[in-house]
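Heads up: the sequence lines are chains A and B, in that order. Counting the first sequence from 1 gives a position; the working numbering is that position plus 723. Counting the second sequence from 1 gives a position; the working numbering is that position plus 723.
2 protein chains.
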Amino acid sequence: MAVFLSSFVNKIDKKGRVSVPASFRAALGQDATGIVVFRSLQYEALDGCSIAHLELLSESLEKLDLPPETFELIETTIFGGSVQVPFDGEGRVVLPSSLTEAVGITSEIAFVGRRKTFQLWDPAKLATHEETARGQARAKDISLSKIIAAASGKLDGRL
Amino acid sequence: MAVFLSSFVNKIDKKGRVSVPASFRAALGQDATGIVVFRSLQYEALDGCSIAHLELLSESLEKLDLPPETFELIETTIFGGSVQVPFDGEGRVVLPSSLTEAVGITSEIAFVGRRKTFQLWDPAKLATHEETARGQARAKDISLSKIIAAASGKLDGRL
DNA sequence: TGGTATCCCATAAGAGCCCATGATTTGAAC
DNA sequence: GTTCAAATCATGGGCTCTTATGGGATACCA
Chain A
724 MAVFLSSFVN
734 KIDKKGRVSV
744 PASFRAALGQ
754 DATGIVVFRS
764 LQYEALDGCS
774 IAHLELLSES
784 LEKLDLPPET
794 FELIETTIFG
804 GSVQVPFDGE
814 GRVVLPSSLT
824 EAVGITSEIA
834 FVGRRKTFQL
844 WDPAKLATHE
854 ETARGQARAK
864 DISLSKIIAA
874 ASGKLDGRL
Chain B
724 MAVFLSSFVN
734 KIDKKGRVSV
744 PASFRAALGQ
754 DATGIVVFRS
764 LQYEALDGCS
774 IAHLELLSES
784 LEKLDLPPET
794 FELIETTIFG
804 GSVQVPFDGE
814 GRVVLPSSLT
824 EAVGITSEIA
834 FVGRRKTFQL
844 WDPAKLATHE
854 ETARGQARAK
864 DISLSKIIAA
874 ASGKLDGRL
């Protein structure tokens, strides 16, 4: 199972190619021929993962007893909207401009590891998003020490 | 479980390397290949911990019934913003300049042990922060003798 | 036929690895 | 308590390899 950690910012070149960070390619494994990318449902970003992970997700979802409308929404947004993009020989991909334009990616891409998946952002939008999230966390009085306390069973597991 | 105590100030060299204090590396254990670093939510500093601790935290939080927005804020700020940095052969790390610049770290780093985690500060900002904290502790009438009393069950565990 | 995808190659920067040295700490001997 | 040697730690530098970046040629497709 691929685990994506840390964040990287890489350039998009004149041919529309961008290097997938070496540690992400390592996480994907030597057999990986590419990645899967689709619009994020929550953010102005793309979500990415390994091909195998999307297939596993698909199988898992079929076993759930989801309402048909919910299943149909997932089918349309994630599976219908996903694009499989192959690596070139140097570990680069060319992302469809329909996806990158939709989320404001122009000349650089921020790869944000989210363990099982990763996100792709325009770096400026990511910075704004992170500052907003930090402000919201502070407003909710979330701190690292409280997170650790909650994880340890203190605070009745609440935050 | 790593326990980080004391504070140290080390230099950043021309190649951007800084020695992780030997006692912190000892706390991390011989198997440790690096550390994890992310922006502090509360302070103009970075938070750091062992890779294992962050993974444990992640697993623990998934088991809690946190409100989805709270979970997502934590996911974005701490997990999404964390960077795994490896040790070199001499116990040094190279911190991403995106993190060090965000908190004003330039030529020296103060490592501040916080038992399960540690903080990374620009030394001048740390000095200011500590003075502020001392003033606040005095205003709350906190003293070492009262801390010891509270820890011993006196004062009904209150401070 | 033009545009683009694919494949191949080259290069610079920096990450990673290895080694050395001076400063500081620690412990033993007196 | 002092001195000295050994061990440890922080600091510095050099070399090699990997990675990200850039470009050209060819094949394919609309």
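Backbone N, C-alpha and C define an ideal beta-carbon position, used for all residues, glycine too.
Using a Cβ cut-off of 8 Å (strictly closer), state whether Ala860 (chain A) contacts chain B.
-> Residue numbering aside, residue 860 (chain A) sits at position 137 when the first sequence is read from its first letter. Contacts with chain B at 8 Å (Cβ-Cβ) include Ala860 (chain A).
Taking a cut of 7 Å between CB atoms, which residues from the stretch 834-866 of chain B lie near chain A?
-> Per Cβ criterion, the list reads Lys839, Thr840.
Which full runs of the alpha helix (DSSP H) of 4+ residues lie inside the stretch 833-879 of chain A, going along the chain?
-> Runs found: 846-862, 867-874.
Residue span of the beta strand (DSSP E) that contains Arg678 (chain A), given as start and end = In the structure displayed, chain A extends from 724 to 882; residue 678 (chain A) sits before or after that span and is not available.
Residue of B:Val835, B:Arg815, B:Leu843, B:Arg838 minimising C-alpha distance to Ile828 (chain B) | Taking the first residue of the second sequence as position 1, residue 828 (chain B) is located at position 105. In this structure, B:Leu843 is the residue among B:Val835, B:Arg815, B:Leu843, B:Arg838 with its C-alpha nearest to the C-alpha of Ile828 (chain B).
Ignore the nearest five residues each way along the sequence and tell me which others in Ser763 (chain B)'s own chain have a CB closer than 7 Å to its CB.
-> On the second sequence, residue 763 (chain B) is found 40 positions in, with the first residue counted as 1. Excluding residues within five positions, the ones whose Cβ falls inside 7 Å are Leu769, Asp770, Gln842.
8 Å Cβ cutoff met for Gly880 (chain B) and Val816 (chain B) | Locating residue 880 (chain B) in the second sequence gives position 157, counting from the first residue. Locating residue 816 (chain B) in the second sequence gives position 93, counting from the first residue. Not in contact: Gly880 (chain B) and Val816 (chain B) (Cβ atoms no closer than 8 Å).
For Glu853 (chain A) versus Thr823 (chain B), is the C-beta distance shorter than 8 Å?
-> Sequence index remark: in the first sequence, residue 853 (chain A) carries index 130 (1-based). Sequence index remark: in the second sequence, residue 823 (chain B) carries index 100 (1-based). In this structure, Thr823 (chain B) does not lie closer than 8 Å to Glu853 (chain A) by Cβ.
Looking only at its own chain, which residues have a Cβ that is under 6 Å from the Cβ of Leu728 (chain A), when we skip the five neighbours before and after it?
-> Counted from its first residue, the first sequence places residue 728 (chain A) at position 5. Counting only Cβ-Cβ distances below 6 Å, and skipping sequence neighbours, we find Gly836.
Could you run through the stretch 797-808 of chain B and flag, in chain order, every residue whose CB is less than 8 Å away from some CB of chain A?
-> Ile797, Glu798, Thr799, Thr800, Ile801, Phe802, Gly803, Gly804, Ser805, Val806, Gln807
Contact list for the stretch 732-753 of chain A against chain B, Cβ threshold 9 Å = The stretch 732-753 of chain A vs chain B, Cβ under 9 Å: Val732, Ser746.
At a Cβ threshold of 8 Å, is Leu818 (chain B) touching chain A?
-> To locate residue 818 (chain B), count along the second sequence from 1; it is residue 95. No, no contact with chain A.
Apart from the five residues just before and just after Glu831 (chain A), which ones in its own chain have a Cβ nearer than 6 Å to its Cβ?
-> Position 108 of the first sequence, counted from the first residue, corresponds to residue 831 (chain A). Val732, Lys734, Pro846, listed in sequence order.
Minimum Cβ-Cβ distance from Ile871 (chain A) to chain B less than 8 Å = Against the first sequence, residue 871 (chain A) aligns to sequence position 148. Yes, Ile871 (chain A) lies at the interface with chain B (some Cβ there is under 8 Å from its Cβ).
Could you give the DSSP three-state label for Arg881 (chain B): helix, strand or coil?
-> Position 158 of the second sequence, counted from the start, is the residue given in the question as residue 881 (chain B). If DSSP states are grouped into helix, strand and coil, Arg881 (chain B) belongs with coil.
Can you find a C-beta in chain B that's less than 8 Å from the C-beta of Ala892 (chain A)?
-> With chain A represented from 724 up to 882, any question about residue 892 (chain A) goes unanswered, as that position is not in the structure.
Is DSSP giving Ile828 (chain A) helix, strand or coil here?
-> Looking up residue 828 (chain A) in the first sequence gives position 105. In the structure shown, Ile828 (chain A) sits in coil (DSSP, three-state: anything other than H, G, I, E or B).
Examine chain B for any beta-carbon lying closer than 8 Å to the beta-carbon of Leu789 (chain A), and answer yes or no.
-> Mapped onto the first sequence, residue 789 (chain A) falls at position 66. With 8 Å as the cut-off, Leu789 (chain A) does not count as an interface residue toward chain B.
To the nearest angstrom, report how far apart Gly876 (chain B) and Lys848 (chain A) are at their CA atoms.
-> Indexing the second sequence from 1 puts residue 876 (chain B) at position 153. Indexing the first sequence from 1 puts residue 848 (chain A) at position 125. The straight-line gap from Cα to Cα measures roughly 50 Å.
Using the Cα positions of Arg861 (chain A) and Leu789 (chain B), report the straight-line distance between them to the nearest angstrom.
-> Looking up residue 861 (chain A) in the first sequence gives position 138. Looking up residue 789 (chain B) in the second sequence gives position 66. Distance between the alpha carbons of Arg861 (chain A) and Leu789 (chain B) is about 16 Å.
Would you say Thr793 (chain B) reaches chain A, if we count a Cβ-Cβ gap shorter than 8 Å as a contact?
-> As a first step, residue 793 (chain B) must be located in the second sequence, where it is residue number 70. Judged by the 8 Å Cβ criterion, Thr793 (chain B) is in contact with chain A.
Does the distance from the CB of Leu777 (chain B) to the CB of Ala874 (chain A) come in under 8 Å?
-> One-based indexing of the second sequence puts residue 777 (chain B) at position 54. One-based indexing of the first sequence puts residue 874 (chain A) at position 151. Contact: no.
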